[in-house]
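Enquirer: Sending over a structure as structure tokens; questions will come in a sec.
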Amino acid sequence: MDIKNKDLFRQQSFINGEWVDAINSKTINVNNPATQEIIGNVPNCGKDETISAIRSAKNSWKDWSSKTSKERSNILKKWFNLIEENQEDLARIMTIEQGKPITESRGEITYGASFVEWFAEEGKRVYGDTIPDVFQDRRILVIKQPVGVVAAITPWNFPSSMITRKCAPALAVGCPVVIKPASQTPFSALALGVLAEKAGFPKGTINIITGSAKEIGEELSTNPIVRKLSFTGSTEVGKILLRQCSSTVKKVSMELGGHAPFIAFEDADIDEAVEGAFLSKFRNTGQTCVCSNRLFIHEKIHDEFVEKFTIKVRNMKVGNGLEEGVISGPLIDQFSFRKVEEHVHDAVNVGAKIAIGGKKHKLGGTFYEPTVLFNVTNKARITYEETFGPVAPIYKFNNEDEVINMANDSPYGLASYFYSRDIGKIWRVAEALEYGMVGVNTGIMSKAEAPFGGIKESGLGREGSKYGLDDFLEVKYINIAGI
Ligand code: ADP
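Note that my numbering numbers the sequence shown so that position 238 is 246, with each residue one more than the last.
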């Protein structure tokens with residue numbers, strides 16, 4: 009691994025402050041999706057290692073939760089500084105295991121670090137309430153307390169920031185964590201563990217366990233010591249975890265799939281809308297849950313939009329994310345590649361036209377040509393399913409009610425975007441979209457200060473912002489009588 013701080017590249021799990029192998033010494037290989045080369049391996053842990061990680065988190069609970077918020081904040085700030093100082097190495101590790109362009113990896117490290125910085129401060133503001141009682145000699149108090157041991161299961165598309173977005177608020181309010189990173193991208197998680205150890209988190213407060221998703225996930229979601237599970241991943245796996253969490257009635261946060269609509273109204277600034285659609289569609293090669301997956305363009309600006317958007321897509325450099333200038337990398341694996349291929353074939357079979365792309369890229373492997381489809385119909389699978397790849401399907405519409413119905417016709421409700429300069433329409437449409445997040449005249453909106461999350465089958469709970477802190481707190485009501 010070509011990085012300056014070699015110590016960051018760890019091939020062991022982190023349990024109770026120790027770097028360990030699997031009990032049975034088995035490992036999982038990790039490959040670079042751009043070259044298919046094996047870059048290393050990590051322990052293939054299972055149930056027993058998960059139990060010991062949960063126990064170590066529990067043992068650290070008393071000490072960590074009883075520290076003052078300022079003491080915890082100071083350690084989080086050290087972690088933040090170390091992440092920032094090692095940005096380039098962390099970004100390289102990410103690109104090598106995940107495939108995203110190096111500029112995006114650098115951006116993700118900064119974005120991920122921003123949650124640590126923000127929650128290091130916000131953790132000091134866990135305020136309660138006093139409420140007037142109906143009896144003269146009584147007082148109502150409300151305090152908020154940390155929920156307890158937190159489990160975090162994270163995906164491969166944002167291997168670093170999904171960890172900090174969950175763990176920073178949990179740790180800030182006093183909860184120890186057990187993290188299970190995706191098996192495709194464990195090295196970014198383990199590198200964060202190296203820096204957390206250096207920052208001075210007491211042993212057991214942060215545990216990172218690699219291995220069998222099913223086995224580790226089952227233990228994390230059924231073990232009674234775990235009081236909260238925070239998951240980012242597919243709706244399918246989210247539903248399994250929700251079922252499993254019901255056995256011990258855990259608090260849960262679920263950041264699941266999305267199928268974001270992007271609408272450009274007739275009064276939109278077309279160039280800005282093209283730029284916004286491009287950014288929201290092709291970031292991370294289309295592999296984000298907030299990527300726009302259906303582009304609805306008003307008939308008056310449709311042809312100009314398609315033309316300008318296609319030119320922008322034509323100029324994209326596809327390749328290994330480590331090469332400067334690359335904007336689109338490989339897909340994470342063959343499974344994802346096949347889904348993209350199927351969605352395009354199917355859309356074309358039922359009437360869509362290809363403006364650009366539409367096939368495997370000449371680089372081979374899991375590279376797919378950035379693709380723009382227009383004339384897409386309601387019969388196409390892509391109209392209803394999340395693609396998770398570099399394919400932009402464009403639909404024509406001619407009135408506001410029609411497009412809102414089309415946009416809301418989905419079981420998902422994560423991100424949505426629209427472009428308009430009409431203030432009345434902006435209010436109407438923002439309120440009518442059945443989505444947890446609405447970007448108006450922007451294609452990118454995730455930030456530590458704002459509540460990220462979805463409605464309907466896109467999830468439960470919010471990450472980031474003051475609302476993100478509530479997800480790791482329990483409300484306690486205290487009634488004092490005899491005053
Ligand atoms: P994606 O479609 O992004 O790969 P997944 O939901 O399959 O999303 O994976 C997201 C995370 O969930 C990963 O860390 C993966 O290892 C984990 N995971 C997958 N299957 C299960 C399962 N049955 N139980 C718990 N975790 C799982």
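For every residue, glycine included, the Cβ atom is placed at its ideal position computed from N, Cα and C.
(1) With a floor of 4 residues, list each alpha helix (DSSP H) that falls wholly inside the segment 146-230, ordered by position along the chain.
(2) For glycine 472, verify whether its CB is less than 8 Å away from any heavy atom of ligand 1.
(3) Is any heavy atom of ligand 2 found at a distance shorter than 8 Å from the C-beta of isoleucine 224?
(4) With respect to the alpha helix (DSSP H) encompassing asparagine 39, which residues constitute its N-terminal and C-terminal limits?
(5) Report all residues from its chain with a CB closer than 7 Å to the CB of valine 490; omit the five preceding and five following residues, and keep chain order.
(6) Compute the distance between the beta-carbons of lysine 236 and aspartate 479, then report whether it is under 9 Å.
(7) Span of the alpha helix (DSSP H) holding lysine 542?
(8) Of the choices Gly467, Phe460, Asn94, whose alpha-carbon is the least far from that of tyrosine 475?
(9) Can you find the residues in the same chain that come closer than 7 Å, C-beta to C-beta, to proline 398, ignoring five residues on each side of it along the sequence?
(10) Can you give the beta carbon distance from alanine 121 to glutamate 92, rounded, assuming they're within the 8 Å contact cut?
(11) Glycine 136 and isoleucine 151 look like a contact to me (Cβ under 8 Å); what is the Cβ gap, rounded to whole Å?
(12) Helix, strand or coil for phenylalanine 239? Go by DSSP, reduced to three states.
(13) Within the present structure, is the beta-carbon of leucine 249 separated from the nearest heavy atom of ligand 1 by less than 8 Å?
(14) Can you find at least 3 beta carbon pairs, one from the segment 153-164 and one from the segment 202-214, that sit closer than 8 Å?
(15) By DSSP, does serine 81 sit in helix, in strand, or in coil?
(16) Could you give the DSSP three-state label for leucine 371: helix, strand or coil?
(17) Since serine 168 and glutamate 223 should fall inside the 8 Å C-beta cutoff, what is the C-beta to C-beta distance between them, to a whole number of angstroms?
(18) Distance check for isoleucine 46 and lysine 34, CA to CA, integer angstroms please.
(19) On the premise that valine 38 lies in contact with proline 189, defined as a C-beta separation below 8 Å, what is that separation, rounded to the nearest angstrom?
(20) Roughly how many angstroms separate the alpha carbons of glycine 131 and isoleucine 83, rounded to a whole number?
(21) Classify tyrosine 376 as helix, strand or coil using the three-state DSSP reduction.
(22) Shorter than 8 Å, the distance from the beta carbon of serine 261 to the closest heavy atom of ligand 1, or not?
(23) Grab the span of the beta strand (DSSP E) containing phenylalanine 6 for me, first residue to last.
(24) Which term fits valine 102, buried or exposed, when burial requires 16 or more other beta carbons within 10 angstroms of its beta carbon?
(25) Could you confirm whether any beta carbon from chain D is found closer than 9 Å to the beta carbon of glutamate 227?
(26) When you compare the CB positions of valine 437 and isoleucine 216, do they come within less than 9 Å of one another, or not?
(27) Can you tell me the Cα-Cα spacing of asparagine 231 and alanine 363, whole angstroms?
(28) Using only the heavy atoms of ligand 1, determine whether one of them is closer than 8 Å to the beta carbon of asparagine 164.
(29) Okay, do the segment 332-348 and the segment 105-119 touch, 3+ Cβ pairs below 8 Å being the bar?
(30) Where serine 191 and tyrosine 443 are concerned, what is the direct C-alpha to C-alpha distance, given to the nearest angstrom?
Expert: Reading off the structure:
(1) 169-181, 194-207, 221-230
(2) Locating residue 472 in the sequence shown gives position 464, where the first residue counts as 1. Flag unset: Cβ of glycine 472 not near ligand 1.
(3) With respect to ligand 2, the structure shown offers nothing to examine, as its ligands consist of ligand 1.
(4) To locate residue 39, count along the sequence shown from 1; it is residue 31. It is not in any alpha helix (DSSP H) - asparagine 39 instead sits in the beta strand (DSSP E) that spans 35-39.
(5) Residue 490 sits at position 482 when you count from the first residue of the sequence shown. Looking at the sequence shown, residue 490 is not valine but glycine. Excluding sequence neighbours, glycine 490 sits near Asp145.
(6) For the purposes of this step, residue 236 is identified with residue 228 of the sequence shown, where counting begins at 1. For the purposes of this step, residue 479 is identified with residue 471 of the sequence shown, where counting begins at 1. Yes, they are a contact pair.
(7) As shown, the chain starts at 9 and ends at 491. That puts residue 542 outside it, with no answer to give.
(8) Within the sequence shown, numbered from 1, the residue matching residue 475 stands at position 467. Tyrosine 475 has its Cα closest to that of Phe460, out of Gly467, Phe460, Asn94.
(9) Here the question's residue 398 lines up with position 390 in the sequence shown. Excluding residues within five positions, the ones whose Cβ falls inside 7 Å are Phe290, Thr293, Gly294, Ser336, Tyr376, Pro378, Thr379.
(10) Here residue 121 corresponds to residue number 113 of the sequence shown, with the count starting at 1. Here residue 92 corresponds to residue number 84 of the sequence shown, with the count starting at 1. The pair is a contact, with the Cβ atoms about 5 Å apart (cut-off 8 Å).
(11) The residue labelled residue 136 in the question sits at position 128 within the sequence shown. The residue labelled residue 151 in the question sits at position 143 within the sequence shown. Rounded, the Cβ-Cβ distance is 4 Å, consistent with contact.
(12) Translated into the one-based positions of the sequence shown, residue 239 becomes position 231. Phenylalanine 239: strand per DSSP, three-state reduction.
(13) Against the sequence shown, residue 249 aligns to sequence position 241. The answer is yes for leucine 249.
(14) no
(15) The residue given as residue 81 occupies position 73 in the sequence shown. Looking at serine 81 - three-state DSSP - the assignment turns out to be helix.
(16) Locating residue 371 in the sequence shown gives position 363, counting from the first residue. Note: leucine 371 maps to coil in three-state DSSP.
(17) Within the sequence shown, the letter at position 160 stands for residue 168. Within the sequence shown, the letter at position 215 stands for residue 223. Not really, about 24 Å apart at Cβ, beyond 8 Å.
(18) Taking the sequence shown and counting its residues from 1, one reaches residue 34 at position 26. Taking the sequence shown and counting its residues from 1, one reaches residue 46 at position 38. Going from the Cα of lysine 34 to the Cα of isoleucine 46 covers about 16 Å.
(19) As a first step, residue 189 is located in the sequence shown; it is residue number 181 there, counting from the start. As a first step, residue 38 is located in the sequence shown; it is residue number 30 there, counting from the start. Wrong, their Cβ atoms sit about 11 Å apart, outside the cutoff.
(20) For the purposes of this step, residue 131 is taken as residue 123 along the sequence shown, with counting starting at 1. For the purposes of this step, residue 83 is taken as residue 75 along the sequence shown, with counting starting at 1. Whole-angstrom Cα-Cα distance: 12 Å.
(21) The residue you call residue 376 lines up with position 368 of the sequence shown. Note: tyrosine 376 maps to strand in three-state DSSP.
(22) Position 253 of the sequence shown, counting from 1, holds the residue named residue 261. Incorrect: serine 261 has no Cβ contact closer than 8 Å to ligand 1.
(23) With the chain covering only 9 through 491, there is no way to say anything about residue 6.
(24) Counting from 1 along the sequence shown, the entry for residue 102 is found at position 94. For the record, residue 102 in the displayed sequence is methionine; it is not valine. It counts as buried.
(25) Within the model displayed, chain D is absent; a lone protein chain is all it includes.
(26) As a first step, residue 437 must be located in the sequence shown, where it is residue number 429. As a first step, residue 216 must be located in the sequence shown, where it is residue number 208. Taking 9 Å as the Cβ cut-off, valine 437 and isoleucine 216 do not qualify as a contacting pair.
(27) One-based indexing of the sequence shown puts residue 231 at position 223. One-based indexing of the sequence shown puts residue 363 at position 355. Cα to Cα, asparagine 231 sits roughly 51 Å from alanine 363.
(28) Locating residue 164 in the sequence shown gives position 156, where the first residue counts as 1. Here the sequence assigns tryptophan to residue 164, which means asparagine is not the residue at that position. Yes.
(29) yes
(30) For the purposes of this step, residue 191 is taken as the residue at position 183 of the sequence shown. For the purposes of this step, residue 443 is taken as the residue at position 435 of the sequence shown. Cα-Cα distance, rounded: 30 Å.
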